[in-house]
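Everything below concerns the one structure shown next.
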Amino acid sequence: MTSRNSKTGPRVLDQIRLSVVTCTRQRASVLESRSMASVLAQSCPDFEWVLVNDGGDLTTRRLVEKLDDSLSISYVEMPHPATGFGLCYARNLGLLEARGPWVVYLDDDHQIGPDFVGDLLARIESDPGLRFGVTGQLRRDSGGRDQHWPAAEINALDLIRSAQPGSRLGFDANGFFHLRSRSPRWNPEYRLYRDVEYLLQCVDRWGEGAFRSFDPPTLRMNVPEPGASSALTAQQKTEEWGRFWERRSRYPTLLAHPELLQGS
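Residue numbering for the sequence shown is 212 to 475, as defined by the numbering used here.
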């Protein structure tokens, strides 16, 4: 069962060109100071904020109730699931609530610059072949420091390959966007590799050629707060990665590019 509270503001449905999906669980102070603050500061108004409260935290609900109607908000609560990874269930619920033709993900502990929505919409609408992509990624250098990964060097297979155990690269769904129509669903059987698994589904759905990577001048990446994914042991991470090999027949992309599963 879910609880909904939509604050639609002055905008009509055809003015919503993008849905920003944020999922949060029992950390209202982080939400308020990071993602909420940056969403409220957007210069382009043609979007909605879809906020999923995993567990129905009362403090989070009260934060939303205090917001005025200048922002279009679709707020929904869900009971925390007993099995599977809650973030995946929450993102799926966010997709069901979203009304924009495009969706972008923003975790509660991340921020976007004030021109993020406008810049992203301008790039999306200038490219009719686009179906999904990223607005920026980080990669770790040999000294363990996170560095910007230039957009010109990124394609969808690079991102999948970057998740291999021991890789210095990585893929994070913050700033990941896709067409909402016919989009895949998040798989709650994955925690650490949930983002890569979803990316695999998108490649299978729309093809490598429908992917784009943009440099992130208006996306601010933060060090994430500790969560369920970071609590996984090395053995659990290896076992979860091994599921891709066990289930490779589900993913045409893995069958066509077996080298992506190096280390399985």
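In this text, a Cβ means the ideal position worked out from N, Cα and C, and glycines have one as well.
Status (buried if at least 16 other CB within 10 Å, exposed otherwise) for residue i
i: Ala384; result: buried
i: Ser230; result: buried
i: Val434; result: Caution applies to Val434, whose pLDDT of 49 falls short of 50 and renders its modelled position unreliable; the model cannot decide the point.
i: Asp338; result: exposed
i: His389; result: buried
i: Arg396; result: exposed
i: Asp265; result: buried
i: His291; result: exposed
Euclidean distance between Cα positions of residue i and residue j
i: Lys448; j: Ala333; result: 38 Å
i: Gly418; j: Leu298; result: 25 Å
i: Ser441; j: Leu403; result: Low confidence applies to Ser441: its pLDDT is 49, below 50, so where it sits in the model is not reliable enough to give any reading.
i: Leu410; j: Phe387; result: 9 Å
i: Gln375; j: Phe455; result: 11 Å
i: Trp260; j: Ser254; result: 14 Å
i: Asp318; j: Arg416; result: 24 Å
i: Leu307; j: Val414; result: 21 Å
i: Asp484; j: Leu251; result: Since the first residue of the chain shown is 212 and the last is 475, residue 484 is not available in this structure.
Reference residue i, options the options, closest by Cα
i: Pro256; options: Gly311, Glu243, Arg272; result: Gly311
i: Arg423; options: Leu466, Gln358, Asp319, Leu368; result: Leu368
i: Ala309; options: Phe296, Ile284, Met289; result: Ile284
i: Arg405; options: Asp357, Thr464, Asn303; result: Asn303
i: His359; options: Arg459, Phe382, Phe343, Arg342; result: Phe382
i: Glu470; options: Glu450, Ile371, Arg458; result: Ile371
i: Ser246; options: Val315, Gly453, Arg393, Gly420; result: Val315
Collapsed DSSP secondary structure at residue i in the structure displayed
i: Thr464; result: helix
i: Phe425; result: coil
i: Gly266; result: coil
i: Thr294; result: coil
i: Arg396; result: coil
i: Leu278; result: coil
i: Ile323; result: strand
i: Asp318; result: coil
i: Glu470; result: helix
i: Asp357; result: strand
i: Thr235; result: strand
i: Leu349; result: strand
i: Asp225; result: helix
i: Ala252; result: coil
i: Tyr404; result: coil
Bridge-paired residues (DSSP) for residue i
i: Glu259; result: Ser230, Ser283
i: Leu390; result: Trp313
i: Gly344; result: Phe388, Arg423
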